[in-house]
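Chemist:
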Amino acid sequence: MSDRAGTADIDVRAITEAEHPEWLRAVRAGFLREPVVPAAELEARRAQFEPGRFIGAFEGGRCVATFRSFAQEVTAVGGAFVAADAISAVTVTATHRRRGLLTRMMTQDLAAAKDRGDVVATLIAAEYGIYGRFGFGPATSGTVWTVDVTRAGLDPRGPDLDGGRIDLVDPDVVRKLGPELHDRVRRATPGAISRGDWWWGLHTGAVRVDPTWTEPFYAVYRAADGTVEGLMAYEVEDKWADTMQPSNTASVRNMIASTPTAERALWHHLCSIDWVMQVKSDWRAPDDLLPHLLPNPPAARITMHADWLWVRILDVVRALEARTYEGEGALVLEVVDASGTAGGRYLLEASPAGASCTATTRSADLTLDVRELATLWLGDESVARLVALGRVREERAGAGRGADALLRTSRRPWCLDMF
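Anchor point for the sequence shown: position 59 equals 380 in the working numbering, and the numbering is continuous, going up by one each time.
1. Report the three-state DSSP secondary structure of residue 560 (helix, strand or coil).
2. Quick one: grab the DSSP three-state call for residue 455.
3. Threshold first: 3 residues or longer. Then list the beta strand (DSSP E) segments lying entirely within the segment 642-717, N to C.
4. From residue 423 to residue 332, what does the alpha carbon distance come to, in whole angstroms?
5. Output yes or no for whether 7 Å exceeds the beta carbon distance between residue 571 and residue 469.
6. Among all the DSSP beta bridges, which residues are the ones paired with residue 736?
7. Can you list, in chain order, the residues of its chain with a C-beta nearer than 6 Å to that of residue 720? Leave out the 5 residues immediately preceding and following it.
8. Note down, in chain order, each residue of its chain lying with its Cβ closer than 6 Å to the Cβ of residue 325, except the 5 sequence neighbours on either side.
9. Straight-line CA distance for residue 664 to residue 658?
10. Let me confirm a value: residue 445 is counted as buried when at least 16 other C-beta atoms fall within 10 Å, else exposed. Which label applies?
11. How many whole angstroms separate the CB atoms of residue 406 and residue 434, which I take to be in contact at a CB cut-off of 8 Å?
12. With DSSP collapsed to three states, give me the class of residue 598.
13. Helix, strand or coil for residue 463 per DSSP?
14. Of all the options 400, 356, 568, 345, which has the alpha carbon lying nearest to the alpha carbon of residue 364?
15. For residue 378, collect the residues of the same chain with a Cβ closer than 6 Å to its Cβ; drop the 5 residues on either side in sequence, then sort them by chain order.
16. On the criterion of 16 or more Cβ atoms from any shown chain inside 10 Å, does residue 547 qualify as buried, or is it exposed?
17. Sort 627, 491, 595, 692 by Cα distance to residue 448 and report the nearest one.
18. Assign residue 427 to buried or exposed, taking buried as 16 or more other Cβ atoms, counted over all protein chains shown, within 10 Å of its Cβ.
19. Which value, in whole angstroms, describes the spacing of the CA atoms of residue 528 and residue 574?
20. Could you tell me whether the segment 544-559 touches the segment 386-403, using the rule of 3 or more Cβ pairs below 8 Å?
21. What does a CB cutoff of less than 8 Å around residue 669 pick up in its chain, not counting 5 residues either side in sequence?
22. State buried or exposed for residue 357, treating a residue as buried only when at least 16 other CB atoms are found within 10 Å of its CB.
23. Kindly confirm or deny that the segment 585-598 and the segment 470-479 touch, where touching means at least three C-beta pairs closer than 8 Å.
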């Protein structure tokens with residue numbers, strides 16, 4: 322996308338700390354929220370400011386487009402943490418759309434990420450059609466489930482916890498126990514991302530950005546030896562029918578579990594609370610265990626399903642070598658990247674023992690755009706499916722099926738968080 326006439330006077334650059342309030346005003350306007358930044362939010366967000374990572378487009382001193390990136394780790398298949406350039410707060414004011422401002426901001430940020438040595442860039446897309454032209458592809462999806470408790474068929478006595486227990490705890494306990502549990506969970510979850518102190522503060526009330534925030538219930542599952550294996554934050558809507566019958570909905574804000582036992586126990590806890598007739602999950606993995614933890618799985622229905630984490634490969638060699646492979650084989654990929662960032666022909670040789678990826682002159686087995694490589698990187702998408710869609714071209718007959726045997730994973734990737 323090229324800049325249209327009238328953009329020569331628009332300055333796209335990293336903002337100063339003094340410009341942060343004006344930048345936040347533009348973010349709020351871009352997301353159709355009241356442009357006035359509450360004083361409490363402004364004060365809380367000061368801690369997030371990082372010189373060089375906040376970009377704005379300015380015309381006549383007014384910020385008309387925003388862009389932010391920050392350091393992140395993404396879990397590759399097999400558990401390795403990969404350095405990522407996480408992108409957020411992307412807006413263009415309605416009066417300045419279609420002028421190439423997003424292209425200028427994105428180009429500037431991705432070049433800096435490449436220079437820093439980041440392996441991938443990540444974002445969660447508000448609109449599906451925007452980011453493919455910048456080399457991003459959807460790499461995970463998420464699902465929200467709603468459970469009709471009255472139909473679930475759960476035993477009110479609860480599952481056998483084999484000495485484990487569930488306790489309700491205060492926010493300070495969550496801030497103490499949560500980070501270590503999350504690190505265990507994300508290492509076992511391809512597509513998961515890192516959480517910093519800001520995240521834990523924001524989700525436990527230590528950092529207040531939203532003036533309407535209310536404290537949820539926090540349930541912790543401990544195994545018989547005292548190990549924390551699960552954590553759930555939830556709220557309950559107080560609603561009663563005209564006949565004085567309860568009609569409450571419990572909504573999960575966030576739930577993580579390092580074992581199926583903890584997962585089963587936490588869901589059963591929530592579905593067994595007196596007066597709770599319906600349970601709404603947080604965003605879960607597309608192959609989440611939840612419906613099948615119920616004696617009557619159809620009591621859980623999908624109420625939302627959408628693409629979630631989008632990935633942009635910046636370094637093909639490091640990205641493909643960082644992950645593990647369940648099968649064994651060799652694959653030559655012709656990667657097309659219009660920006661010149663990650664294009665080339667690469668030989669991937671992989672087995673359960675490890676992988677190497679090198680530039681090669683051998684004939685390609687598959688030709689694909691870098692955005693399709695991003696979609697395949699975490700193991701969720703099928704190469705054969707992309708071939709059928711015309712988004713990947715087979716240069717050797719049967720190469721798509723062979724690539725699937727190498728790249729796909731036994732469990733689907735999942736990003737637990739919004740950013």
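By construction, the Cβ of each residue, glycine as well, lies at the ideal position given by its N, Cα and C atoms.
Modeler: According to the structure data:
1. Sequence index remark: in the sequence shown, residue 560 carries index 239 (1-based). Reduced to three states, the DSSP call for residue 560 is coil.
2. Here residue 455 refers to the residue found at position 134 of the sequence shown. Helix at residue 455.
3. 650-657, 665-672, 675-680, 687-690, 713-715
4. In the sequence shown, counting from the first residue as 1, residue 423 sits at position 102. In the sequence shown, counting from the first residue as 1, residue 332 sits at position 11. Taking the straight line from one Cα to the other gives about 12 Å.
5. Position 250 of the sequence shown holds residue 571. Position 148 of the sequence shown holds residue 469. No, the Cβ-Cβ distance between residue 571 and residue 469 is not below 7 Å.
6. Against the sequence shown, residue 736 aligns to sequence position 415. Paired residue(s): none; residue 736 is not in a bridge.
7. Residue mapping note: residue 720 aligns to position 399 of the sequence shown, counting from 1. Taken in chain order, the residues that qualify are 686, 687.
8. In the sequence shown, residue 325 corresponds to position 4, counting from 1. A caution first: residue 325 carries a pLDDT of 48, below 50, which makes its placement in the model unreliable, though a value can still be read off. Excluding sequence neighbours, residue 325 sits near 420.
9. Your numbering for residue 664 matches position 343 in the sequence shown. Your numbering for residue 658 matches position 337 in the sequence shown. Their Cα atoms are separated by approximately 5 Å.
10. What you label residue 445 is simply residue 124 of the sequence shown in a count that begins at 1. Per the 10 Å Cβ criterion, buried.
11. For the purposes of this step, residue 406 is taken as the residue at position 85 of the sequence shown. For the purposes of this step, residue 434 is taken as the residue at position 113 of the sequence shown. Contact holds; Cβ gap of about 4 Å.
12. Within the sequence shown, numbered from 1, the residue matching residue 598 stands at position 277. Residue state, collapsed to three classes: strand.
13. Within the sequence shown, numbered from 1, the residue matching residue 463 stands at position 142. Strand, per DSSP.
14. Along the sequence shown, one-based indexing puts residue 364 at 43. Among 400, 356, 568, 345, the Cα nearest to that of residue 364 belongs to 345.
15. Residue mapping note: residue 378 aligns to position 57 of the sequence shown, counting from 1. Taken in chain order, the residues that qualify are 331, 333, 385, 386, 422.
16. By 1-based counting over the sequence shown, the position of residue 547 is 226. Flag for residue 547 reads exposed.
17. As a working note, residue 448 is residue 127 in the sequence shown. Comparing Cα-Cα distances from residue 448 to each of 627, 491, 595, 692, the minimum goes to 627.
18. Counting from one through the sequence shown, the residue named residue 427 turns up at place 106. With 16 or more other Cβ atoms within 10 Å, it is buried.
19. Taking the first residue of the sequence shown as position 1, residue 528 is located at position 207. Taking the first residue of the sequence shown as position 1, residue 574 is located at position 253. Answer to the nearest angstrom: the Cα atoms are 16 Å apart.
20. no
21. Here the question's residue 669 lines up with position 348 in the sequence shown. 641, 651, 652, 653, 654, 676, 677, 678, 727.
22. The residue given as residue 357 occupies position 36 in the sequence shown. Exposed, since its Cβ has fewer than 16 Cβ neighbours within 10 Å.
23. yes
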